[in-house]
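Chemist:
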Amino acid sequence: MTGERRESGNEGFRAPGAEDALERMSDFHLDVLKEVSNIGAGNAATSLSTLLGKAVDMRVSRVVPMPFNEIMEYVGGAERMILSVFVRIEGGISGNMLFVMGREDAQSLVRHMTGRTETREQGFSEMGLSVLHEVGNIMIGSYITALSDFLGFELHPSVPSLAMDMAGAILAFSLSEIGRSGDTAIVIDGALSLDGGALSGDGAGHIFLLPDPESFGKIFQALGVAGNGDH
Amino acid sequence: MATIRVGIAESGVVLNPNSVSTLGLGSCVGVTLYDERRKIGGMVHVMLPSTELAKGADFNRSKFADSAVPDLLQQMIRSGADQRRLVAKLAGGAQMFNLGGDTDSLLKIGARNVEACKKALSLLRIPIVAEDTGGSWGRTVELFSESGVLEIRAIGKAKTHI
Numbered sequence: 380m381t382g383e384r385r386e387s388g389n390e391g392f393r394a395p396g397a398e399d400a401l402e403r404m405s406d407f408h409l410d411v412l413k414e415v416s417n418i419g420a421g422n423a424a425t426s427l428s429t430l431l432g433k434a435v436d437m438r439v440s441r442v443v444p445m446p447f448n449e450i451m452e453y454v455g456g457a458e459r460m461i462l463s464v465f466v467r468i469e470g471g472i473s474g475n476m477l478f479v480m481g482r483e484d485a486q487s488l489v490r491h492m493t494g495r496t497e498t499r500e501q502g503f504s505e506m507g508l509s510v511l512h513e514v515g516n517i518m519i520g521s522y523i524t525a526l527s528d529f530l531g532f533e534l535h536p537s538v539p540s541l542a543m544d545m546a547g548a549i550l551a552f553s554l555s556e557i558g559r560s561g562d563t564a565i566v567i568d569g570a571l572s573l574d575g576g577a578l579s580g581d582g583a584g585h586i587f588l589l590p591d592p593e594s595f596g597k598i599f600q601a602l603g604v605a606g607n608g609d610h
Numbered sequence: 211m212a213t214i215r216v217g218i219a220e221s222g223v224v225l226n227p228n229s230v231s232t233l234g235l236g237s238c239v240g241v242t243l244y245d246e247r248r249k250i251g252g253m254v255h256v257m258l259p260s261t262e263l264a265k266g267a268d269f270n271r272s273k274f275a276d277s278a279v280p281d282l283l284q285q286m287i288r289s290g291a292d293q294r295r296l297v298a299k300l301a302g303g304a305q306m307f308n309l310g311g312d313t314d315s316l317l318k319i320g321a322r323n324v325e326a327c328k329k330a331l332s333l334l335r336i337p338i339v340a341e342d343t344g345g346s347w348g349r350t351v352e353l354f355s356e357s358g359v360l361e362i363r364a365i366g367k368a369k370t371h372i
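Sequences listed follow chains A and B, in order.
Every letter in the first sequence is one number past the one before it in the working numbering, and letter 164, counting from 1, is 543.
Every letter in the second sequence is one number past the one before it in the working numbering, and letter 62, counting from 1, is 272.
#1: So, under 8 Å CB-CB, L476(A) and I418(A) are touching, yes? Tell me the CB distance rounded to an integer number of Å.
#2: Check for me: the alpha helix (DSSP H) holding F599(A) runs from which residue to which?
#3: Show which residues of chain B have a CB atom less than 9 Å away from the CB atom of G455(A).
#4: Have a look at G481(A) and R467(A) and give me their C-alpha separation to the nearest angstrom.
#5: Does I549(A) get closer than 7 Å to chain B when you measure Cβ to Cβ?
#6: CB K413(A) to CB V442(A), shorter than 7 Å?
#7: By Cβ distance below 7 Å, which residues in the same chain neighbour N226(B) in space, the five residues on each side in sequence not counted?
#8: Since V351(B) sits in a beta bridge, which residues does DSSP pair it with?
#9: Once DSSP output is grouped into helix, strand and coil, what is the label at N308(B)?
#10: Measuring only between beta-carbons, confirm whether G240(B) sits less than 7 Å from chain A.
#11: Mind pulling the beta strand (DSSP E) runs of 3 or more residues that sit fully within the region 438-488 of chain A?
#12: Going along the region 217-248 of chain B in order, which residues come within less than 7 Å of chain A, judged by CB to CB distance?
#13: Is R495(A) helix, strand or coil by DSSP?
#14: DSSP has T429(A) in a bridge; who is on the other side?
#15: How would you list, in chain order, the residues of chain B whose beta-carbon sits under 9 Å from the beta-carbon of N448(A)?
#16: Which bits of chain A does A304(B) rub up against, with CB to CB less than 9 Å?
#17: Thinking C-alpha only, which one of A570(A), A605(A), V566(A), S572(A) is nearest P590(A)?
#18: Quickly, what does DSSP pair A564(A) with across the bridge? List them, please.
#19: Please confirm if the region 271-278 of chain B is in contact with the region 338-349 of chain B, defined as three or more CB-CB distances below 8 Å between the two stretches.
#20: At which residues does the beta strand (DSSP E) containing L243(B) begin and terminate?
#21: Between which residues of its own chain and M445(A) is the CB-CB distance below 7 Å, once the five residues before and five after are set aside?
#22: Put M506(A) into one of helix, strand or coil per three-state DSSP.
#23: Taking the straight line between their C-alpha atoms, what separation do you get for G507(A) and F307(B)?
#24: Please classify M211(B) as buried or exposed, where buried requires at least 16 other C-beta atoms within 10 Å of its C-beta.
#25: Which residues in the same chain as H512(A) place their Cβ atom closer than 6 Å to its Cβ, once the five residues preceding and following it in sequence are excluded?
#26: Are any of the Cβ atoms in chain B nearer than 7 Å to that of F503(A)?
#27: Based on Cα-Cα distance, which residue from L283(B), S237(B), D268(B) lies nearest to A304(B)?
#28: Quick one: measure Cβ to Cβ for L243(B) and L296(B), integer angstroms, because I've assumed they're closer than 8 Å.
#29: Under 7 Å, Cβ to Cβ, is there at least one residue of chain B near F465(A)?
#30: According to DSSP, is V339(B) part of a helix, a strand, or is it coil?
#31: How close, in whole Å, do the beta carbons of A434(A) and S428(A) come, if the pair is a contact with beta carbons under 8 Å?
#32: Please work out which residues of its chain come closer than 8 Å, Cβ to Cβ, to I598(A), disregarding the five sequence neighbours upstream and downstream, and give them in chain order.
#33: Expressed to the nearest angstrom, what Euclidean distance is found between the alpha-carbon atoms of A364(B) and H371(B)?
#34: Hey, out of G569(A), A420(A), G561(A), H408(A), whose CA is closest to I267(B)'s CA?
#35: Would G474(A) count as contacting chain B if we go by Cβ distances under 7 Å?
#36: Taking DSSP as the reference, what is the three-state secondary structure of A298(B)?
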């Protein structure tokens with residue numbers, strides 16, 4: 380999921396670089412977060428596989444500290460239309476989670492699950508949206524269950540909500556809480572291959588975990604790796 | 211004509227014939243200022259309502275309505291704009307997800323951003339001449355310094371000019 384870089388030449392104020400606390404995170408800690416994503420997204424892949432009755436592969440987890448404006452490029456540009464299910468997590472750790480798919484992948488998924496082709500130019504039928512909402516709900520729910528078991532925390536997810544709109548609009552909202560502390564977020568991205576080559580688009584669903592900055596310490600503490608990571 | 215693109219929590223000021231735009235405003239608010247006589251336009255992409263929400267003393271002033279709007283005014287003045295002639299337009303402040311919950315939470319951030327931007331403009335005695343705020347959809351906006359027109363684009367909707 381890469382997009383063109385935005386043009387430069389802004390005369391005005393530029394967002395400052397990565398926030399200190401995030402910059403100080405070691406490669407070791409980033410690897411620990413990658414494992415968190417593998418466990419969460421792996422469980423989500425298993426659930427989706429059961430739901431679809433076919434193989435769903437965990438593709439790759441990426442954990443990347445990125446300035447907000449780079450995150451927009453990472454998901455294909457601020458104006459790219461994406462379908463997204465959002466959940467706010469509170470409890471042992473807090474943060475936001477997003478299940479994200481491109482429009483064409485979402486259409487393929489609906490076609491696979493309902494046997495009906497979504498014909499609308501921009502949007503989806505009520506049934507299509509309801510299928511996608513439920514898929515996102517199941518994926519995020521499975522991820523959170525695995526995360527909760529792995530970390531030994533109780534996690535309380537909000538009611539999942541669906542939106543289909545510009546990536547910038549969806550992502551920036553999801554970064555509001557993190558924005559209180561800085562202009563950089565650690566994006567924990569678990570990519571799922573929904574159906575090999577049969578899907579159009581980039582053929583992947585993504586589950587993003589965006590922990591609030593205070594939660595990273597709790598994650599590392601729970602896993603017994605709270606030191607500075609110089610192992 | 212060149213277009214200057216401002217990202218999240220960034221600002222920009224342009225002179226005739228250039229334009230300034232920001233992509234995919236959701237709960238964020240695009241605040242624009244315009245001096246019609248000098249044809250100077252400015253925009254800031256506000257993400258959060260108040261610097262009181264900032265954790266830590268060192269923060270990006272363009273992110274919070276109460277610091278971003280006065281800073282944009284200063285930027286306009288430095289570029290030759292006259293504060294007495296400035297008019298403002300607002301776009302964005304949507305609620306992207308229907309989440310319920312209490313209105314104080316950050317989940318209702320869009321409406322709080324709009325309110326905070328209006329308050330900041332009112333403190334500076336800058337009139338708001340047009341707005342396209344609220345709703346549940348994302349917006350891309352572009353301010354043309356030649357005319358002061360703010361163009362708004364959204365997925366599945368006709369382009370509008372305010």
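For every residue, glycine included, the Cβ atom is placed at its ideal position computed from N, Cα and C.
Modeler: Result, derived from the coordinates:
#1: What you label residue 476(A) is simply residue 97 of the first sequence in a count that begins at 1. What you label residue 418(A) is simply residue 39 of the first sequence in a count that begins at 1. Per the sequence presented here, residue 476(A) reads as Met, with Leu not at that position. About 14 Å separates the two Cβ atoms, so there is no contact after all.
#2: Residue 599(A) sits at position 220 when you count from the first residue of the first sequence. That run of the alpha helix (DSSP H) goes 594-601.
#3: As a working note, residue 455(A) is residue 76 in the first sequence. Per Cβ cutoff of 9 Å: no residues; G455(A) is ~11 Å from chain B at best.
#4: Here residue 481(A) refers to the residue found at position 102 of the first sequence. Here residue 467(A) refers to the residue found at position 88 of the first sequence. If you take the alpha carbons of G481(A) and R467(A), they lie about 21 Å apart.
#5: Residue mapping note: residue 549(A) aligns to position 170 of the first sequence, counting from 1. Yes, its Cβ sits closer than 7 Å to a Cβ of chain B.
#6: Your numbering for residue 413(A) matches position 34 in the first sequence. Your numbering for residue 442(A) matches position 63 in the first sequence. Yes, Cβ-Cβ distance for K413(A) and V442(A) is below 7 Å.
#7: Numbered from its first residue, the second sequence carries residue 226(B) at position 16. These residues qualify, in order along the chain: K249, S355, E356.
#8: Position 141 of the second sequence, counting from 1, holds the residue named residue 351(B). V351(B) pairs with T232(B), I362(B).
#9: Start at 1 with the first residue of the second sequence, and residue 308(B) comes out as number 98. It is coil, neither helix nor strand.
#10: Stepping through the second sequence from its first residue, residue 240(B) is reached at position 30. With 7 Å as the cut-off, G240(B) does not count as an interface residue toward chain A.
#11: 460-470, 474-481
#12: G217, I218, A219, E220, S221, G222, V223, L233, G234, L235, G236, S237, C238
#13: Translated into the one-based positions of the first sequence, residue 495(A) becomes position 116. R495(A) falls in the coil class under three-state DSSP.
#14: Here residue 429(A) is taken as the residue at index 50 of the first sequence, counted from 1. In DSSP, T429(A) forms no bridge with anything.
#15: For the purposes of this step, residue 448(A) is identified with residue 69 of the first sequence, where counting begins at 1. Under the 9 Å cutoff, chain B gives G217, I218, A219, E220.
#16: Translated into positions along the second sequence, residue 304(B) becomes position 94. Ordered by position in chain A, the residues that pass the 9 Å Cβ test against A304(B) are D544, A548, F552.
#17: Against the first sequence, residue 590(A) aligns to sequence position 211. Comparing Cα-Cα distances from P590(A) to each of A570(A), A605(A), V566(A), S572(A), the minimum goes to V566(A).
#18: For this step, residue 564(A) is matched to residue 185 along the first sequence. M445(A), per the DSSP bridge assignment.
#19: no
#20: The sequence position of residue 243(B) within the second sequence is 33, counting from 1. Where L243(B) is concerned, the enclosing beta strand (DSSP E) stretches over 239-245.
#21: Indexing the first sequence from 1 puts residue 445(A) at position 66. Cβ within range, chain order: Y453, T563, A564, V566.
#22: If you number the first sequence from 1, residue 506(A) lands on position 127. Of the three classes helix, strand and coil, the one that applies to M506(A) here is helix, per DSSP.
#23: Against the first sequence, residue 507(A) aligns to sequence position 128. Against the second sequence, residue 307(B) aligns to sequence position 97. Distance between the alpha carbons of G507(A) and F307(B): 18 Å.
#24: Position 1 of the second sequence holds residue 211(B). That one is exposed.
#25: Within the first sequence, residue 512(A) is the residue found at index 133, counting from 1. So the qualifying residues of the chain are L541.
#26: By 1-based counting over the first sequence, the position of residue 503(A) is 124. No - not a single Cβ of chain B is within 7 Å of the one on F503(A).
#27: As a first step, residue 304(B) must be located in the second sequence, where it is residue number 94. When only C-alpha atoms are compared, the closest one is S237(B).
#28: Stepping through the second sequence from its first residue, residue 243(B) is reached at position 33. Stepping through the second sequence from its first residue, residue 296(B) is reached at position 86. Going by Cβ atoms, the distance from L243(B) to L296(B) rounds to 5 Å, so yes, they are a contact pair.
#29: Stepping through the first sequence from its first residue, residue 465(A) is reached at position 86. Chain B contact via Cβ: present.
#30: As a first step, residue 339(B) is located in the second sequence; it is residue number 129 there, counting from the start. Note: V339(B) maps to strand in three-state DSSP.
#31: On the first sequence, position 55 is the one that residue 434(A) refers to. On the first sequence, position 49 is the one that residue 428(A) refers to. A434(A) to S428(A), Cβ: 6 Å. Contact.
#32: Here residue 598(A) refers to the residue found at position 219 of the first sequence. Counting only Cβ-Cβ distances below 8 Å, and skipping sequence neighbours, we find V411, L412, V415, I472, L530, P590.
#33: Your numbering for residue 364(B) matches position 154 in the second sequence. Your numbering for residue 371(B) matches position 161 in the second sequence. Near 12 Å, if we compare the C-alpha coordinates of H371(B) and A364(B).
#34: Within the second sequence, numbered from 1, the residue matching residue 267(B) stands at position 57. The question names Ile, but residue 267(B) is Ala in the sequence shown. Looking at the Cα atoms, G561(A) is the closest of the given residues.
#35: Counting from one through the first sequence, the residue named residue 474(A) turns up at place 95. Judged by the 7 Å Cβ criterion, G474(A) is not in contact with chain B.
#36: Residue 298(B) sits at position 88 when you count from the first residue of the second sequence. Here A298(B) sits in strand by DSSP.
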